[in-house]
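Visitor:
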Amino acid sequence: MGLGTFKRGIHPADDGKDISKDYPIKKIKTGGEYVFPMSQHIGAPAQPIVNVGDYVKVGQKIGESTGFISAVVVSSVSGKVKAIEDRMTVSGNKVKSIVIDNDEEYNAVDGFGQDRDYTKLSNEEIRNIVKEAGIVGMGGAGFPTHVKLTPKNEDEITHIIINGAECEPYLTSDYRIMLEEPERIIGGIKVVLQMFPKAEAIIGIEVNKQDAIEKLQAMVENEERISVMPLKVKYPQGAERQLVYATTHKEINSTMLPADAGCIVNNIDTIVAVYMAVCKTTPLIRRIITVTGDAINNPCNIEARTGMKYMDLINEAGGFKCKPEKVVSGGPMMGMALFTLDIPVVKTSSAILSMTKDEVALNEPTACIRCGRCVDACPSKLIPQKMYQYSNNIDDESFEHINGMECYECGCCTYVCPAKLRLTQAFKLTRRRIMDNRRKK
Amino acid sequence: MNEMYNVSTSPHMLCNRSTKTIMRDVVIGLLPATFFGIYNFGIRALVIILACVASAVLSEYLFQKGMHKKITVGDYSAIITGLLLALNLPVSLPIWMAVLGSVFAIIVVKQLFGGLGQNFMNPALGARCFLVISFAGRMTSFAVEKTGSIINGRMAVDGVSGATPLTALKAGESVDVMKMFIGTTGGTIGETSALAILIGGLYLVIRKVISPKIPCIYIGTVAVFTAIYSACSQNGFDFNFVLAHICGGGLMLGAVFMATDYVTCPITPMGKVVFALLLGIFTSIFRLFGGSAEGVSYAIIFCNLLVPLIEKVTIPTAFGKGGNNNGSR
Numbered sequence: 016m017g018l019g020t021f022k023r024g025i026h027p028a029d030d031g032k033d034i035s036k037d038y039p040i041k042k043i044k045t046g047g048e049y050v051f052p053m054s055q056h057i058g059a060p061a062q063p064i065v066n067v068g069d070y071v072k073v074g075q076k077i078g079e080s081t082g083f084i085s086a087v088v089v090s091s092v093s094g095k096v097k098a099i100e101d102r103m104t105v106s107g108n109k110v111k112s113i114v115i116d117n118d119e120e121y122n123a124v125d126g127f128g129q130d131r132d133y134t135k136l137s138n139e140e141i142r143n144i145v146k147e148a149g150i151v152g153m154g155g156a157g158f159p160t161h162v163k164l165t166p167k168n169e170d171e172i173t174h175i176i177i178n179g180a181e182c183e184p185y186l187t188s189d190y191r192i193m194l195e196e197p198e199r200i201i202g203g204i205k206v207v208l209q210m211f212p213k214a215e216a217i218i219g220i221e222v223n224k225q226d227a228i229e230k231l232q233a234m235v236e237n238e239e240r241i242s243v244m245p246l247k248v249k250y251p252q253g254a255e256r257q258l259v260y261a262t263t264h265k266e267i268n269s270t271m272l273p274a275d276a277g278c279i280v281n282n283i284d285t286i287v288a289v290y291m292a293v294c295k296t297t298p299l300i301r302r303i304i305t306v307t308g309d310a311i312n313n314p315c316n317i318e319a320r321t322g323m324k325y326m327d328l329i330n331e332a333g334g335f336k337c338k339p340e341k342v343v344s345g346g347p348m349m350g351m352a353l354f355t356l357d358i359p360v361v362k363t364s365s366a367i368l369s370m371t372k373d374e375v376a377l378n379e380p381t382a383c384i385r386c387g388r389c390v391d392a393c394p395s396k397l398i399p400q401k402m403y404q405y406s407n408n409i410d411d412e413s414f415e416h417i418n419g420m421e422c423y424e425c426g427c428c429t430y431v432c433p434a435k436l437r438l439t440q441a442f443k444l445t446r447r448r449i450m451d452n453r454r455k456k
Numbered sequence: 615m616n617e618m619y620n621v622s623t624s625p626h627m628l629c630n631r632s633t634k635t636i637m638r639d640v641v642i643g644l645l646p647a648t649f650f651g652i653y654n655f656g657i658r659a660l661v662i663i664l665a666c667v668a669s670a671v672l673s674e675y676l677f678q679k680g681m682h683k684k685i686t687v688g689d690y691s692a693i694i695t696g697l698l699l700a701l702n703l704p705v706s707l708p709i710w711m712a713v714l715g716s717v718f719a720i721i722v723v724k725q726l727f728g729g730l731g732q733n734f735m736n737p738a739l740g741a742r743c744f745l746v747i748s749f750a751g752r753m754t755s756f757a758v759e760k761t762g763s764i765i766n767g768r769m770a771v772d773g774v775s776g777a778t779p780l781t782a783l784k785a786g787e788s789v790d791v792m793k794m795f796i797g798t799t800g801g802t803i804g805e806t807s808a809l810a811i812l813i814g815g816l817y818l819v820i821r822k823v824i825s826p827k828i829p830c831i832y833i834g835t836v837a838v839f840t841a842i843y844s845a846c847s848q849n850g851f852d853f854n855f856v857l858a859h860i861c862g863g864g865l866m867l868g869a870v871f872m873a874t875d876y877v878t879c880p881i882t883p884m885g886k887v888v889f890a891l892l893l894g895i896f897t898s899i900f901r902l903f904g905g906s907a908e909g910v911s912y913a914i915i916f917c918n919l920l921v922p923l924i925e926k927v928t929i930p931t932a933f934g935k936g937g938n939n940n941g942s943r
């Protein structure tokens, strides 16, 4: 069977998806304060355009984008602006945020939720709607979607790739969307296809989500320009570069955009957001979040509003069985460990994973035995063993020479390392340092 | 902020395999050859094996203790070094020489260069070569077969000694390839039985501890090289000659257990191929044109020294950095 895939990568022994995959998306409403960080995307932070004391409505723009690569921020609730101050975010940094007291009335702006016929819209209008809706890549990176939809080589876009791989263990939110909202996915794809008349759309889905594949396959049966491609179950199948390779056999590196290979890649939740913004006049104010892990009482998939507190989501999931040792925002391979749950849901939040055991803390690093497992696992064809040496020696020149900057920190090398070395950690540090130095020049 | 959770960078899950489980698998992989050696050469082989393993572990422990380093004898790596060395020694070797070799392997080749993962050549082979140079006669006198009377060491030392199949081959005599495959011939304790080594190697391949790449290319290269040599010789091509070279001497043991040593073989995929090819070429040259009948250990430690160079020229092209599928126009 010709499944789409890439070379190398890993097969995590336990994908943890069974914990939450059969729970339908639950819509929740919570009161209290909602926090909207001005930087929840790649690029320039947004600028607050409301003042303390202002009354804002659902769908109202509260943060204006400040450059081409930037994104607006939209309120998901109605209520008074309580404060504009620095608040803790997922990354552990304090970021300027607008804090809104939810009055639980959910008064929306005019026209909110109205149907709109996308076929009457020009590309420019669609881009503007996407931009004003504050849509960013919801797979994790948070790259502004209107920028993705504005490639330099508009005529050369041949593939719209929809990322339904969901290769991170434990995550099931995209899976639930595919099962429960497939018409929105198809609707979003049609909008993008209208923008790029020469392109065809491919929905890549790992075969461990067979029912999602069948459902979408049935829906695109009569769609000439949309197809579903089953993908091998392998991490990181859903990484942009790997997914482009799996679906089109084109390789892109860190200095290129998918558009350079004629591709535009969008995550499942992102394409739904595009549909909602364009066809339903609903900006990005929701996010499907998997609340899972062995420390959670009732694992589930939640439709959260942006700005909600992580703690409220945990409470919606029945709270903790016992005190977790580690709580991760996102999946176990690339997610960020949280030291507090007093942080808001942002556009790029995808899961809250609570673990009773911290495997990293349990495994002391030992000496590298040069076994080469990291080399066999690296999807970017790098030599993590040497990169680690250079990282430790702070030899940035050699690190770059062996293409260390091609690393996108997927964590495969660290996962397979029998010496339990913190390879990815070292690479993150070195890569940040090199990028900082480049900026200084 | 009343409760704090553990924080670390991603990934937050790790696989079950550790250095210790890998090393334990290698020990298990060496057991068939070990048991066959004891069966073939008698109880004295067991004594040598135990002496080597015990002295390797003890010297590592004492060194780390003396240097106030973390004691890592529990990771099985010293056991492997001791065991591998023992399997590379003739059964008639005086025990103190075997122990000296073991101490040399651990202290000089391994620990002085930084311990596990830092040694520039295979410790067991380094020690073997040290012993060959120091005690050439003792290291090249091989017991041919087990006799009931060889129970204590002295008897064996003075007892039956004779030629290995490769020495016989070099002298132009014919050899029994089937016997060599099974292993009831002369040689070092662990090298005689190709069958036992292959069983152990198969275990390691199934357990994904080693890849068959290096052993296959290494042995394949020797086969091709000896076949060409044989075809060019006066008597014409002799298939038996090729088989004898594959099954004889330390080739099997070296190819499966020492050329695949993680620490001393290249880490780059292409480097492994180059390394294995060079091993095959050097082994064949040493065997066919050298003074001694054997060439595996010198070939391996020589190529070990080339590893940094091989790695330097075989760094792979990163994903998307070239090739036909590159998306850039």
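From first to last, the protein sequence lines are chains A and B.
Quick note on numbering: the first sequence equals residues 16 to 456 in this note's numbering.
Quick note on numbering: the second sequence equals residues 615 to 943 in this note's numbering.
Where a beta carbon is used, it is the ideal one built from N, C-alpha and C, also for glycine.
#1: Short of 6 Å in beta carbon distance, which residues of its chain neighbour Asp-357/A, apart from the five on each side in sequence? Order them along the chain.
#2: Would you list the residues sitting across from Ile-218/A in a DSSP beta bridge?
#3: Quick check: what's the CA-CA separation for Lys-827/B versus Val-887/B?
#4: In angstroms, rounded to a whole number, what distance separates the CA positions of Pro-380/A and Val-162/A?
#5: Taking C-beta pairs closer than 7 Å, name the residues in chain A that Arg-631/B reaches, listed in chain order.
#6: Please classify Thr-70/A: is it buried, with 16 or more other beta-carbons within 10 angstroms of its beta-carbon, or exposed?
#7: Given Glu-331/A, which residues of its chain have a CB within under 8 Å of its CB, disregarding the five upstream and five downstream residues?
#8: What does Ser-622/B reach in chain A if we use C-beta pairs closer than 9 Å?
#9: Name, going along the chain, the residues of the region 281 to 298 of chain A whose beta-carbon falls closer than 8 Å to a beta-carbon of chain B.
#10: For Arg-256/A, return the contacting residues in chain B, with the cut-off set at a CB-CB distance below 7 Å.
#11: From what residue to what residue does the alpha helix (DSSP H) around Thr-20/A run?
#12: In this structure, how does DSSP classify Asn-143/A when only helix, strand and coil are distinguished?
#13: Which class does Phe-756/B belong to by DSSP, given the choice of helix, strand or coil?
#14: Output yes or no for whether 8 Å exceeds the beta carbon distance between Val-836/B and Gly-894/B.
#15: Just checking my contact of Ser-673/B with Ser-716/B at CB under 8 Å: how many whole Å lie between their CB atoms?
#16: Relative to the C-alpha of Ser-137/A, which residue among Met-103/A, Leu-208/A and Ala-148/A is closest?
#17: Helix, strand or coil for Glu-674/B, going by three-state DSSP, please let me know.
#18: Is there at least one Cβ from chain B nearer than 8 Å to Glu-166/A's Cβ?
#19: Taking the alpha-carbon positions, what's the His-56/A to Val-105/A distance?
#20: Could you tell me the boundaries of the beta strand (DSSP E) in which Arg-302/A lies?
#21: Can you tell which of Ala-376/A, Gly-322/A, Cys-422/A and Val-360/A has its C-alpha closest to the C-alpha of Lys-341/A?
#22: Could you round the C-beta distance between Ala-214/A and Ile-172/A to whole angstroms and report it? I think they count as a contact, below 8 Å.
#23: Is there a Cβ of chain B sitting closer than 8 Å to that of Tyr-430/A, yes or no?
#24: Got a sec, what are the start and stop residues for the beta strand (DSSP E) Asn-654/B sits in?
#25: Excluding the 5 residues preceding and the 5 following Ser-691/B in the sequence, name in chain order all residues of the same chain whose CB lies nearer than 6 Å to its CB.
#26: To the nearest angstrom, how far is the alpha carbon of Val-210/A from that of Ile-220/A?
#27: Can you tell me which of Lys-935/B, Phe-916/B and Thr-874/B puts its alpha carbon nearest to the alpha carbon of Lys-822/B?
#28: Please list, in chain order, the chain A residues whose beta carbon lies closer than 9 Å to that of Tyr-832/B.
#29: Who are the Cβ neighbours of Pro-930/B in its own chain at under 7 Å, not counting the five residues just before and after it?
#30: Considering only residues of the same chain and omitting the five flanking positions on each side of Ala-98/A, which have a CB-CB separation below 7 Å?
#31: On the three-state DSSP scale, how would you describe Pro-359/A?
#32: Quick check: is the beta carbon of His-682/B nearer than 8 Å to any beta carbon in chain A?
#33: Indicate the three-state DSSP secondary structure (helix, strand or coil) for Lys-282/A in the structure shown.
#34: Is it buried or exposed, Arg-453/A, if we count other Cβ atoms within 10 angstroms and call 16 or more buried?
#35: Below 8 Å, can you find three or more Cβ-Cβ pairs linking the region 392 to 407 of chain A to the region 359 to 375 of chain A?
#36: With DSSP run on the structure shown, which of helix, strand or coil describes Asp-327/A?
Guide: The short version:
#1: The residue given as residue 357/A occupies position 342 in the first sequence. Taken in chain order, the list of residues that qualify is empty.
#2: Sequence index remark: in the first sequence, residue 218/A carries index 203 (1-based). Beta-bridge pairing links Ile-218/A to Ile-177/A and Val-243/A.
#3: What you label residue 827/B is simply residue 213 of the second sequence in a count that begins at 1. What you label residue 887/B is simply residue 273 of the second sequence in a count that begins at 1. Between Lys-827/B and Val-887/B, the C-alpha separation is close to 7 Å.
#4: By 1-based counting over the first sequence, the position of residue 380/A is 365. By 1-based counting over the first sequence, the position of residue 162/A is 147. Approximately 42 Å between the Cα atoms of the pair.
#5: Here residue 631/B is taken as the residue at index 17 of the second sequence, counted from 1. Neighbours of Arg-631/B across chain A, judged by C-beta separation under 7 Å: Pro-433.
#6: Here residue 70/A refers to the residue found at position 55 when the first sequence is read from its first residue. The sequence given here places Tyr at residue 70/A; Thr does not occur at that position. It counts as exposed.
#7: Walking along the first sequence from the start, residue 331/A turns up at place 316. Lys-41, Ile-43, Thr-45, Val-306, Cys-315 and Ile-317, listed in sequence order.
#8: Taking the second sequence and counting its residues from 1, one reaches residue 622/B at position 8. Lys-341, Ala-352, Asp-373, Val-375, Ala-376, Arg-437 and Gln-440, listed in chain order.
#9: none
#10: Residue numbering aside, residue 256/A sits at position 241 when the first sequence is read from its first letter. Simply Phe-933 and Gly-934.
#11: By 1-based counting over the first sequence, the position of residue 20/A is 5. Thr-20/A -> no alpha helix (DSSP H), and no H or E assigned at all.
#12: One-based indexing of the first sequence puts residue 143/A at position 128. Here Asn-143/A sits in helix by DSSP.
#13: The residue you call residue 756/B lines up with position 142 of the second sequence. The answer is strand: DSSP assigns Phe-756/B an E or B state.
#14: If you number the second sequence from 1, residue 836/B lands on position 222. If you number the second sequence from 1, residue 894/B lands on position 280. Result yes, Cβ atoms of Val-836/B and Gly-894/B sit closer than 8 Å.
#15: Against the second sequence, residue 673/B aligns to sequence position 59. Against the second sequence, residue 716/B aligns to sequence position 102. About 7 Å separates the two Cβ atoms, so the contact holds.
#16: Residue numbering aside, residue 137/A sits at position 122 when the first sequence is read from its first letter. Ranking Met-103/A, Leu-208/A and Ala-148/A by Cα distance to Ser-137/A puts Leu-208/A first.
#17: Counted from its first residue, the second sequence places residue 674/B at position 60. Helix at Glu-674/B.
#18: To locate residue 166/A, count along the first sequence from 1; it is residue 151. The residue asked about is misnamed: residue 166/A is Pro in this sequence, not Glu. So, not an interface residue.
#19: Along the first sequence, read from residue 1 onward, the residue named residue 56/A stands at position 41. Along the first sequence, read from residue 1 onward, the residue named residue 105/A stands at position 90. Roughly 12 Å separates the two Cα atoms.
#20: Taking the first sequence and counting its residues from 1, one reaches residue 302/A at position 287. Where Arg-302/A is concerned, the enclosing beta strand (DSSP E) stretches over 301 to 307.
#21: Numbered from its first residue, the first sequence carries residue 341/A at position 326. For the residues Ala-376/A, Gly-322/A, Cys-422/A and Val-360/A, the minimum Cα distance to Lys-341/A belongs to Ala-376/A.
#22: Walking along the first sequence from the start, residue 214/A turns up at place 199. Walking along the first sequence from the start, residue 172/A turns up at place 157. With 8 Å as the limit, Ala-214/A and Ile-172/A qualify as a contact, their Cβ atoms being about 5 Å apart.
#23: Residue 430/A sits at position 415 when you count from the first residue of the first sequence. Cβ-Cβ to chain B under 8 Å: yes for Tyr-430/A.
#24: To locate residue 654/B, count along the second sequence from 1; it is residue 40. Judged by DSSP secondary structure, Asn-654/B falls outside any beta strand (DSSP E) and instead within the alpha helix (DSSP H) spanning 633 to 655.
#25: For this step, residue 691/B is matched to residue 77 along the second sequence. Excluding positions up to five away in sequence, the list reads Met-637 and Leu-730.
#26: Within the first sequence, the letter at position 195 stands for residue 210/A. Within the first sequence, the letter at position 205 stands for residue 220/A. The identity of residue 210/A in the sequence shown is Met, whereas the question assumes Val. Straight-line Cα distance between these residues: approximately 23 Å.
#27: Residue mapping note: residue 822/B aligns to position 208 of the second sequence, counting from 1. The shortest Cα separation from Lys-822/B among Lys-935/B, Phe-916/B and Thr-874/B belongs to Thr-874/B.
#28: Within the second sequence, numbered from 1, the residue matching residue 832/B stands at position 218. Residues of chain A passing the Cβ test: none, with the nearest at roughly 17 Å.
#29: On the second sequence, residue 930/B is found 316 positions in, with the first residue counted as 1. So the list reads Thr-882, Pro-883 and Met-884, once near-sequence residues are dropped.
#30: Residue mapping note: residue 98/A aligns to position 83 of the first sequence, counting from 1. Result list for Ala-98/A: Val-67 and Val-114, in chain order.
#31: Counted from its first residue, the first sequence places residue 359/A at position 344. Under the three-state reduction of DSSP, Pro-359/A is assigned to strand.
#32: The sequence position of residue 682/B within the second sequence is 68, counting from 1. Chain A contact via Cβ: absent.
#33: Residue numbering aside, residue 282/A sits at position 267 when the first sequence is read from its first letter. Before going on, a small fix: residue 282/A reads as Asn here, not Lys. Three-state result, Asn-282/A: strand.
#34: Working through the first sequence from its first residue, we reach residue 453/A at position 438. It is exposed - the Cβ of Arg-453/A has fewer than 16 other Cβ atoms within 10 Å.
#35: no
#36: In the first sequence, residue 327/A corresponds to position 312, counting from 1. It is helical.
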